[in-house]
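For the sequence shown, position 237 matches number 237 in full-length UniProt numbering, and the numbering has no gaps at all.
Below: the structure, in structure tokens.
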Amino acid sequence: MGLSESLLLKIGSLRTDTSKATGRPRRHQPLTLLWALGRAAQAEPRLEAWARTSAEISSLIEKFGHADDRPNPEFPVLRLFHHGLWELDASDVPAASTSSAQRWMNSHAPTGGLQPWVHTIVSRHPDVRAQIVLCLLEKYFQGVDLDELLTAVGLSDTPDAKVFLNDGSPAPQRRQSTTMRVIRDSALAQQIKDVHGHHCQICGVRLRLPNGSYAEGAHIRPVGQPHNGPDEPGNILCLCPNDHVLFDRGALTLTDDLQVFDEVTGQITGDLRLAPQHTISITHVAYHRETARQAAQPSH
1 MGLSESLLLK IGSLRTDTSK ATGRPRRHQP LTLLWALGRA AQAEPRLEAW ARTSAEISSL
61 IEKFGHADDR PNPEFPVLRL FHHGLWELDA SDVPAASTSS AQRWMNSHAP TGGLQPWVHT
121 IVSRHPDVRA QIVLCLLEKY FQGVDLDELL TAVGLSDTPD AKVFLNDGSP APQRRQSTTM
181 RVIRDSALAQ QIKDVHGHHC QICGVRLRLP NGSYAEGAHI RPVGQPHNGP DEPGNILCLC
241 PNDHVLFDRG ALTLTDDLQV FDEVTGQITG DLRLAPQHTI SITHVAYHRE TARQAAQPSH
């Protein structure tokens, strides 16, 4: 088993307490990891002084934790240390079990951060980092504004950084509940938006909100049944909400040379905005166009 696989297993085996208010796993450790992943993505130092670590993680817990989650960063850091993911510049580190451990952290104020091997992986392999982010978001942050969270931890809206797209999934996983729903790769869609600086690929508009920019990841060939499109870079566009609706409803399609075609007026409106790191699949473009035109034909 490689180091990346070992890291993903460790992330998936976090032991967290349960929120009495919601019955869901507490978010202290996931938020601490997202904070550290954001630092790695922004090329910040691996190790940080306890004063800053404590203040920033406390703020994240207060904002994105459950209603009964106390902003105590000492315990998630200690648990991640004993789980083999965190380094602390101290000896005789106590277990994360009692208030004495909390007092120990604040009196010793150890410098800390991700273990060197973990930091190397998430810094050099954005695809692995994206898998970890997706795992944490799916498991711990239902009902949270993910764009706001990713912005807060430094994992969103970084158009000046070189973004590497992961391979996505040619057969997106499906989870059985009362209905079947596709588990979409939200981390991959976020990468697509970052590649384009949140500018719509059709109209060029970039929507600005108080907490950052907003755009939507649009699948060219829909991932749901009966289309069963793949969740991979070549099948995703970065669009503004208006053009996303028009594209999904077949009012806008793409030609094989990636020009935008208005199906209502029958005219080319311009070229699709492209980015060197993002290659669009012409196969999915053709599928979307033909499906849209078949749906527009009157039934007999």
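The beta-carbon is built from N, C-alpha and C at its ideal position, and this holds for glycine as well.
DSSP three-state call for residue i: helix, strand or coil?
i, result
"residue 216", "strand"
"residue 157", "Because the pLDDT of residue 157 is 45, which lies under 50, any placement of that residue in the model is unreliable, and the number read from its coordinates should be weighed accordingly. Three-state DSSP puts residue 157 in coil, outside helix and strand."
"residue 87", "strand"
"residue 239", "strand"
"residue 101", "helix"
"residue 284", "helix"
"residue 194", "helix"
"residue 65", "coil"
"residue 131", "helix"
"residue 176", "Confidence at residue 176 is low in this model, with a pLDDT of 40, below 50, so the placement of that residue should be treated as unreliable; the coordinate-derived value is given next. Residue 176: strand per DSSP, three-state reduction."
"residue 44", "coil"
"residue 25", "strand"
"residue 151", "helix"
"residue 268", "strand"
"residue 3", "helix"
"residue 277", "coil"
"residue 355", "Since the first residue of the chain shown is 1 and the last is 300, residue 355 is not available in this structure."
"residue 259", "strand"
Look at residue i and residue j and say whether their C-beta atoms are less than 8 Å apart.
i, j, result
"residue 73", "residue 53", "yes"
"residue 41", "residue 124", "no"
"residue 217", "residue 202", "no"
"residue 286", "residue 256", "yes"
"residue 196", "residue 213", "no"
"residue 280", "residue 234", "yes"
"residue 151", "residue 48", "no"
Measure from the alpha carbon of residue i to the alpha carbon of each residue in the options, then state which is nearest.
i, options, result
"residue 15", "155, 7, 30", "30"
"residue 269", "278, 283, 254", "254"
"residue 121", "226, 36, 258", "36"
"residue 85", "46, 262, 143", "46"
"residue 13", "91, 79, 19", "79"
"residue 137", "289, 26, 21", "26"
"residue 289", "275, 93, 222, 87", "222"
"residue 284", "292, 226, 8, 220", "220"
"residue 293", "188, 266, 210", "266"
"residue 302", "50, 147, 67, 56", "Residue 302 is absent from the model: the chain starts at 1 and stops at 300."
"residue 204", "244, 231, 225, 187", "244"
With a threshold of 7 Å, establish whether the CB of residue i neighbours any heavy atom of the ligand SAH.
i, result
"residue 150", "What this structure holds is no ligand at all, so the ligand SAH is not there to describe."
For chain B, is any of its Cβ atoms less than 8 Å away from the one on residue i?
i, result
"residue 214", "In the structure shown, chain B does not exist; there is a single protein chain."
Report, in whole angstroms, the separation of the C-beta atoms of residue i and residue j, which I expect to be a contact under 8 Å.
i, j, result
"residue 108", "residue 10", "Contact doesn't hold; Cβ gap of about 25 Å is too wide."
"residue 60", "residue 153", "7 Å"
"residue 200", "residue 155", "That belief does not hold up - the Cβ atoms of residue 200 and residue 155 are roughly 21 Å apart, past 8 Å."
"residue 272", "residue 258", "4 Å"
"residue 262", "residue 252", "6 Å"
"residue 296", "residue 250", "6 Å"
"residue 116", "residue 104", "Actually they are not in contact, since the Cβ atoms of residue 116 and residue 104 sit about 23 Å apart, beyond 8 Å."
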